[in-house]
Structure formats: structure tokens, C-alpha cells
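Colleague: Got a structure here, written out as C-alpha cells. Questions coming.
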Amino acid sequence: MQKLALSFLTATSLAVAGVANAHPSRPLPSAIGYEPKDEDERGLWLQMDEFERNLKQSKLLIRDPELNQYVHSVLCNTVGSDRCNAARIYIIRTPYFNASMAPNGVMMVWSGLLLRMRNEAELASVLGHEFGHFEKQHSLQSFRDIRAKSDAAAWLSLVPGAGMFASFSLLGSALRFNREMEREADLISLDYLAESGYDPMAASNIWEQLRAEMDAQAKARKQRSMKDVGNSLWSTHPSTKERMEYLREAAEEMGSEGKRKGEAEFRAAMQKWWPKLVDDQIKLNDFGSTEFLLGQLASDGWTGRLLFARGELYRARAKKDDMTKAVGFYRQAAAKSDAPAETWRGLGVALMRLGKQADGRAALRKYLQKKPDASDRAMIGLMAREK
Amino acid sequence: MIRLAGIIAATLLFAMPVAAGWKAMPAGKTVAVVDESLSVTPTQSWNRWTRRPSKFGEVWTLDGLALNELTFFAGVPSGKAIYHDRLRRNRPLPKFKSDMLLTDLAELFESSNRIVLQTSLFEIEETQPARLAGHDAVRFSYSYAIQGDELKRKGEAVATIVDGKFYMVNFVAPALHYFDRDIGNVRKLVDTATIPG
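Listed in order, the protein sequences are those of chains G and C.
For the first sequence, the positions run 1 to 387 when the working numbering is used.
For the second sequence, the positions run 388 to 584 when the working numbering is used.
What follows is the structure, given as C-alpha cells:
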């Protein structure tokens with residue numbers, strides 16, 4: 001979860017703001033037909049255009065047109081349809097909380113971020129934050145600050161296309177936004193939410209949830225929570241607590257009552273992807289975070305899919321009593337109409353681990369009945385003593 | 388090398404740098420691997436790396452790790468991860484447990500690799516019953532790509548549990564050309580495996 005908070009910072013660091021205020025007459029980068037204005041900006045854009053060409057080929061891209069269209073439409077709802085097309089959103093299959101914005105309009109949203117959003121207003125607040133960095137050209141400002149202090153050529157050599165994610169991370173760490181930029185992007189995002197009718201409290205809620213997730217992760221690992229680590233005078237970013245608080249205060253002033261959260265729309269758009277993203281999360285061996293996220297996804301009730309996922313999580317941890325609990329979750333899942341066939345596989349394996357061979361085999365046979373073309377048919381069939 | 392680069396980043400990060408070296412493993416000669424926990428007789432000449440992915444593993448290659456990588460894990464006791472668990476504070480690896488079923492071994496391997504390689508593009512493709520060193524085992528094929536180097540890689544592993552300890556022979560190579568070229572010889576090598584004692 002430390003990773004989660006850090007990567008959010010890194011990501012937003014890459015993102016963008018500050019200079020524009022000094023030149024009120026300059027067009028915003030979100031204007032149609034905007035071109036880089038000077039050598040620094042042209043250089044940054046060239047690097048990022050190269051990065052984008054590679055990104056388009058990436059196997060990590062989630063290309064599902066419906067999901068991409070949905071996320072794009074939320075950005076348009078948030079910042080306005082006249083400006084949103086300046087950004088090109090890429091959804092990346094990576095199970096951590098992260099979003100970023102390059103100066104040429106490339107916005108990356110990681111799948112782990114989507115997994116952690118509860119409604120459309122929260123997604124809108126993240127997209128609005130990144131877009132705020134973009135419009136304020138924060139990355140250009142940071143680049144100039146860094147260049148004033150160090151060798152720009154060495155810095156730029158970090159950027160090129162090869163090993164793009166590695167270099168993107170390096171770039172992120174080289175290009176840190178300061179507290180003022182993050183705060184500015186946060187407040188810009190709040191304005192977008194207010195103007196577009198989304199609940200402005202969503203922004204503060206994200207930080208509140210992240211902090212709760214960090215606590216849950218730390219508790220399961222018997223560690224101290226990382227939620228306030230790095231929160232010092234010398235920190236370059238506002239702490240998660242500070243952000244949560246000033247965003248909440250501002251949202252209270254704006255008024256949150258009756259504003260749109262868009263929970264049903266968000267759920268409908270994510271429905272198809274949740275099982276995959278939950279599976280990615282379960283395989284991270286991060287019990288506390290995963291249990292927290294499943295609980296969050298189940299706020300409207302435990303579906304068969306979520307109960308199955310919870311069974312998988314407990315079975316994978318396999319500590320004292322976990323296998324018995326897993327059996328309980330699989331059984332609850334099996335009673336629901338949306339339980340995937342793998343529910344009976346998990347149930348069978350968990351029962352066999354508990355020494356209940358006959359019941360386990362029966363569950364495995366049911367799995368094979370429900371999924372006759374299973375890729376593990378030969379192995380499971382042997383374990384089930386299938387004729 | 389890319390795969391190993393990931394593993395090294397995760398597992399050897401805090402280890403003292405040691406000069407990596409290679410030792411030839413000639414064809415037709417029975418050799419002890421992982422501190423004599425397992426023996427195999429290669430059907431072609433391999434090179435053994437002096438760096439190890441954990442106390443319980445070792446790595447061989449034919450042409451370089453980027454093109455083919457054969458890893459052995461032998462005698463991993465209950466409660467231990469299969470790779471060095473150096474980043475256990477922030478990215479702890481799942482642990483092998485002696486009461487696991489054979490199918491659990493594939494899941495253990497998948498989760499360990501997703502964490503070490505930091506990728507979600509890792510899929511187990513097919514799982515079948517097999518034999519390893521005279522014991523019932525599981526054979527599974529898989530494929531993956533990682534951030535920064537998106538060449539598709541294919542792998543096949545055979546794993547088992549003997550006396551409560553984990554044993555595995557695992558081969559990884561680029562899906563294009565190299566995996567198909569070498570997997571036949573790897574399977575022959577796997578067939579020669581024995582557990583001494």
C-alpha cells in the first residue's frame with residue numbers, strides 16, 4: 001500500500017501545472033490545435049509522442065472499447081466536451097493505484113485505480129486532477145526547475161521508449177511535483193466536480209479509503225500503517241491526511257448534498273472487468289488490502305462472484321481456520337446464480353485440504369460438469385477420480 | 388535475462404554483488420542440482436549460473452537467459468517462498484506449505500511470479516498430471532509478458548511434493564521459436580530426474 005500511495009504521487013508527478021498563470025493570454029494545452037510554444041515544451045512533447053507510439057503497442061493496454069469509451073465520457077462530463085478531447089486515455093492492466101498525465105495529453109489510468117473507485121464521481125475527481133496538471137503545464141514547470149539545477153541531457157536520456165514503464169517510473173521520480181502543484185490540481189479537480197454536478201466530496205473520500213486500505217494492509221501483515229509515513233515538513237507532497245482534510249473542507253463549502261455520485265453507472269461500466277481485476281489483486285498476496293477492497297465492492301451485498309473471490313483469497317492465505325472460512329464463502333457463492341464454475345473447483349480443493357476427500361471430489365466433479373472444457377480438466381479429473 | 392533481471396531485482400537487491408559465473412553441464416553426465424537435492428542427466432550441454440534465485444534453486448541456460456532459462460527448485464521446506472523473499476515488507480511472496488495439493492503448486496508459482504515480475508499478464512494455460520522423480524506431479528504451461536519488455540514468453544513446469552518438500556523443474560523461453568525448439572530436450576531431462584537418498 002505504500003506502493004499505492006507512492007505510485008499515485010509518482011504518477012501525478014508525471015502529470016502536469018503553474019506556468020499558465022504567469023501568461024494569462026497563452027492558450028491552454030487543452031485548446032484545439034494547441035502546439036508546443038518553445039524548445040523545452042517541444043522537446044518534452046517529442047519524447048512523449050515517442051512514448052505514446054510505444055504505448056499503443058503495449059500488451060498491457062486494456063483495449064476494451066466500451067470501457068475506454070466510458071472512462072473518456074467521464075472525463076468529458078467532468079472537464080467539458082470542448083476540452084476533453086485534448087487528452088488521450090490509456091487504461092493499463094497493472095494492479096496498483098495510479099494515474100498519470102504527460103504534457104502532450106497522454107493520460108494513463110492503471111487498472112488498480114479503477115478497482116479502488118466506488119463511483120463515477122470518484123473517477124471524475126482523479127481524471128479532473130490529472131487534467132488539472134495538464135492544463136496548468138506542471139510537467140513543463142517541473143522540467144524547467146530540474147533543468148535549472150542539473151544536466152537536462154542526462155535527464156532526458158531517462159525518457160526514451162525502450163523499457164517504457166521503467167523509464168516512466170524514473171521519469172516520475174525525476175520529475176516530482178511540489179506541494180503547491182498537487183494542491184492546485186486537487187482544487188482544480190474540485191472546481192470541475194462542482195461545475196459538472198458531481199459530488200465534490202468524492203475527492204476526499206478517495207484519500208479516506210486509501211488510508212483505510214493502508215491500515216487494513218498493515219494490520220494483516222502485523223506492520224505499522226504507512227498512511228502517515230513521509231508526512232513531514234520536508235515532504236514534497238501534501239500528506240494523504242492533509243489532502244483528505246482540505247478536500248473535505250472545500251467540498252463542505254461547495255455543498256455535497258444531492259450531488260451526483262453515479263454509482264449505478266460506474267458499476268455497470270465496470271461489471272465485466274471486476275472479476276479480472278479482483279483476480280489480479282488476489283494474486284498479489286496482499287490479504288489485508290484485498291479483503292478491504294472486496295468488502296468495499298460488496299457494499300451493496302455479496303454477489304456470487306465476490307464470495308467466490310473471498311473464498312480464493314482465504315484459500316490462498318491458508319492460515320489457521322482460513323480453509324474452513326474459504327469453504328463457507330464458496331458454499332455461499334454456490335447458492336447464488338452468478339457464481340462462476342471455478343467456485344466448485346475452489347470448494348473441492350479447499351475441502352480436500354481439510355481432509356474431506358469425498359465431499360471435495362464431489363465438488364470437483366461438479367466443477368468439471370459446469371466447465372467441461374476446463375484447461376485443468378485432466379488434472380482435476382484425476383483428483384476427482386472421474387471415471 | 389529479463390525474467391532473471393526481475394527476479395534478481397527482487398531477490399538479490401540487498402545481497403553483496405558477487406561476480407556471476409558459469410559452469411558447463413555436459414550432455415549425458417548425471418549431475419546433482421541444488422546441493423544434491425535432485426539429480427538429472429541432461430541430453431544436451433547446459434550452462435549453470437553461479438547466481439541462484441533462492442537457497443533452494445538454481446538456474447541453467449543454453450544460449451543465455453534471455454533465450455532459454457531452466458530453473459530447478461528442490462527441497463523447499465514448508466513455510467518458505469520459492470524465491471528469495473527479500474522485499475517481504477512491501478511485497479511478501481506466498482509461502483509453500485507441505486499440505487498443499489498438486490494443483491496448489493501451480494497457483495503458488497503463478498502468484499510468486501506475478502509479484503516478482505510485477506506483471507498481471509501471467510496466465511496458467513494448461514494443467515495436467517505428470518511424474519517427477521518417480522512421484523505424482525503436476526505439469527503446467529503458462530505464458531507472460533512484463534512491463535518494459537513485452538516479448539511473450541512461454542513456460543512449462545513440472546512440480547511435486549516429496550516428504551513435505553517442494554520440487555520443481557521449470558523452463559522459460561520466448562514463445563517465438565525458442566520455446567518450441569528446446570522444450571523437447573527439456574522434457575527428456577525432466578524424465579531423468581531422481582531424488583537421491
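Glycine included, C-beta positions come from ideal geometry on N, C-alpha and C.
Going along chain C in order, which residues have a C-beta closer than 8 Å to the C-beta of L382 of chain G?
Modeller: Under the 8 Å cutoff, chain C gives P516.
Colleague: So, for V278 of chain G: in the same chain, excluding its five sequence neighbours on each side, which residues have a beta-carbon less than 6 Å away from its beta-carbon?
Modeller: Excluding sequence neighbours, V278 of chain G sits near A309.
Colleague: Quick check: A350 of chain G and R315 of chain G, are their CB atoms within less than 7 Å of each other?
Modeller: Contact flag set, yes.
Colleague: Check whether chain C comes within 7 Å of R93 of chain G, counting only Cβ atoms and requiring the distance to be less than that.
Modeller: So yes, R93 of chain G belongs to the interface.
Colleague: Between which two residues does the beta strand (DSSP E) containing T514 of chain C stretch?
Modeller: 509-519 is the extent of the beta strand (DSSP E) around T514 of chain C.
Colleague: Just tell me which of G:M117, G:T78, G:G255, G:A384 has its CA closest to the CA of W207 of chain G.
Modeller: W207 of chain G has its Cα closest to that of G:M117, out of G:M117, G:T78, G:G255, G:A384.
Colleague: Chain C partners of V349 of chain G, CB-CB under 8 Å?
Modeller: Neighbours of V349 of chain G on chain C, chain order: L488, T490, D491.
Colleague: When the Cα atoms are used, what is the spatial distance from R331 of chain G to R345 of chain G?
Modeller: Those two C-alpha atoms are separated by around 11 Å.
Colleague: Taking just the CA atoms, how far does N119 of chain G sit from V577 of chain C?
Modeller: Their backbone Cα atoms lie some 51 Å apart in a straight line.
Colleague: Identify whether A532 of chain C lies in helix, strand or coil by the three-state DSSP scheme.
Modeller: Three-state DSSP puts A532 of chain C in a strand.
Colleague: Is any beta-carbon of chain G found at less than 7 Å from that of E513 of chain C?
Modeller: Yes, E513 of chain C lies at the interface with chain G (some Cβ there is under 7 Å from its Cβ).
Colleague: Could you check whether the Cβ of K227 of chain G sits closer than 7 Å to any Cβ belonging to chain C?
Modeller: It does not; no Cβ of chain C falls within 7 Å.
Colleague: Taking S139 of chain G as the reference, give the member of G:R260, G:P95, G:E213, G:G43 with the closest Cα.
Modeller: Closest by alpha carbon: G:G43.
Colleague: Among C:D422, C:S441, C:L454, C:E423, whose alpha-carbon lies nearest the alpha-carbon of N433 of chain C?
Modeller: Checking the sequence, you will find Trp at residue 433 of chain C rather than Asn. Comparing Cα-Cα distances from W433 of chain C to each of C:D422, C:S441, C:L454, C:E423, the minimum goes to C:L454.
Colleague: What are the start and end residues of each continuous beta strand (DSSP E) run of 3 or more residues lying completely inside the segment 405-478 of chain C, in chain order?
Modeller: Segments of the beta strand (DSSP E) lying fully in the segment 405-478 of chain C: 409-412, 418-420, 425-427, 433-436, 444-448, 456-463.
Colleague: Any heavy atom of the ligand ZN closer than 6 Å to the Cβ of V418 of chain C?
Modeller: In the structure shown, the ligand ZN is absent, as is every other ligand, since no ligand is present at all.
Colleague: Which chain C residues sit within Cβ distance under 7 Å of N285 of chain G?
Modeller: Near N285 of chain G (Cβ distances below 7 Å), the residues of chain C are P479, L480, P481, S498, I502.
Colleague: Quick check: is the beta carbon of L171 of chain G nearer than 7 Å to any beta carbon in chain C?
Modeller: With a pLDDT of 48 at L171 of chain G, under the threshold of 50, the modelled position of that residue is not reliable, and no figure is offered here.
Colleague: Suppose you measure from the CA of R211 of chain G to the CA of T506 of chain C; what does that come to, to the nearest Å?
Modeller: If I take the Cα positions, the gap works out to 24 Å.
Colleague: Would you call the segment 454-468 of chain C and the segment 437-446 of chain C touching, i.e. three or more CB-CB distances under 8 Å?
Modeller: With a cut-off of 8 Å, the segment 437-446 of chain C and the segment 454-468 of chain C count as touching, because enough Cβ pairs lie within range.
Colleague: State the start and end residues of the unbroken beta strand (DSSP E) segment that holds I582 of chain C.
Modeller: Careful: I582 of chain C lies outside any beta strand (DSSP E) and carries neither H nor E.
Colleague: Would you mind working out which of G:W273, G:M201, G:I282, G:L193 sits nearest P65 of chain G, comparing C-alpha positions?
Modeller: Out of G:W273, G:M201, G:I282, G:L193, G:W273 has the C-alpha closest to the C-alpha of P65 of chain G.
Colleague: What does G128 of chain G pair with, by DSSP beta-bridge criteria?
Modeller: Bridge partners of G128 of chain G: none, in fact.
Colleague: In the DSSP assignment, what residue or residues form a beta bridge with A560 of chain C?
Modeller: C:K541.
Colleague: Do E512 of chain C and Y531 of chain C come within 7 Å of each other at the CB atom, strictly closer than that value?
Modeller: Cβ atoms of Y531 of chain C and E512 of chain C: not closer than 7 Å.
Colleague: Any beta-carbon of chain C closer than 7 Å to the one on A100 of chain G?
Modeller: It should be pointed out that residue 100 of chain G corresponds to Ser in this sequence rather than to Ala. By this cut-off, S100 of chain G is not an interface position.
Colleague: If you draw a straight line from the C-alpha of K136 of chain G to the C-alpha of G197 of chain G, how long is it?
Modeller: K136 of chain G and G197 of chain G: Cα-Cα distance of roughly 22 Å.
Colleague: Tell me the rounded alpha-carbon separation between R88 of chain G and G80 of chain G.
Modeller: Those two C-alpha atoms are separated by around 14 Å.
Colleague: Between G:E122, G:A218, G:S239, which has its C-alpha nearest E180 of chain G's C-alpha?
Modeller: E180 of chain G has its Cα closest to that of G:S239, out of G:E122, G:A218, G:S239.
Colleague: I need the straight-line Cα distance from G288 of chain G to L61 of chain G, nearest angstrom please.
Modeller: Their Cα atoms are separated by approximately 27 Å.
Colleague: Is there a Cβ of chain G sitting closer than 7 Å to that of K484 of chain C, yes or no?
Modeller: Closer than 7 Å to some Cβ of chain G, the Cβ of K484 of chain C qualifies, so yes.
Colleague: Using DSSP bridges, identify the partner residues of S100 of chain G.
Modeller: In DSSP, S100 of chain G forms a bridge with G:M108.
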